[in-house]
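In our numbering, the protein residues as written are 4 to 154.
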């Protein structure tokens with residue numbers, strides 16, 4: 004079986020996740036892409052910043068919004084290494100991101116395909132296209148290694 008290389012945005016998100024792990028944070032990385040170029044990126048940093056909202060997706064969305072000069076990220080896509088939680092899924096909705104690509108599912112904390120499934124709720128103001136599984140094994144390995152070291 005031929006294994007295709009991951010698209011650059013997911014590769015970068017995985018690099019950011021590894022940086023988060025090296026800093027003692029849960030290894031999650033995210034990038035926002037517009038027109039094929041990264042306009043925002045982030046990694047988990049709640050411990051370092053003493054901020055429970057300092058998730059990778061939030062950091063990437065904030066950076067992209069500042070870079071583009073708009074709170075609406077229409078025409079943009081988010082690439083993230085783990086299924087977004089309810090807070091991040093809410094931010095994705097409000098940012099109006101067109102597409103979300105996530106690597107590993109999160110049955111306990113995710114809110115896209117698991118838990119609250121925010122994009123499927125009748126009151127959801129915006130529903131991005133969602134693609135999952137690209138980079139799943141790489142992301143899962145980072146997460147497993149991170150938590151095994153702490154047990």
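The beta-carbon is built from N, C-alpha and C at its ideal position, and this holds for glycine as well. As the structure is a prediction and not an experimental result, all values here were calculated from the model.
- Between residue 33 and residue 45 a beta carbon distance of about 5 Å is seen, short of the 8 Å cut, so the two are scored as contacting.
- Bounds of the beta strand (DSSP E) holding residue 79 are 79 to 85.
- Of the residues 64, 94, 84, the one whose Cα lies closest to the Cα of residue 11 is 84.
- From the listed residues 9, 103, 20, 22, the smallest Cα separation to residue 37 is found for 103.
- Proximity to residue 63 across 110, 79, 109, 50 peaks at 79, based on C-alpha coordinates.
- For residue 91, the enclosing alpha helix (DSSP H) starts and ends at 89 to 98.
- Rounded to the nearest angstrom, the gap between the Cα atoms of residue 50 and residue 28 is 7 Å.
- Here residue 132 carries a strand assignment [DSSP, helix/strand/coil].
- Short of 6 Å from the beta carbon of residue 75, and not among the five residues preceding or following it, lie these beta carbons of its own chain, in chain order: 99.
- Sequence-distant partners of residue 134 (beyond 5 residues in either direction) whose C-beta falls short of 6 Å from its own C-beta, in its chain, are 104.
- According to the DSSP assignment, residue 44 belongs to the beta strand (DSSP E) that extends over 40 to 46.
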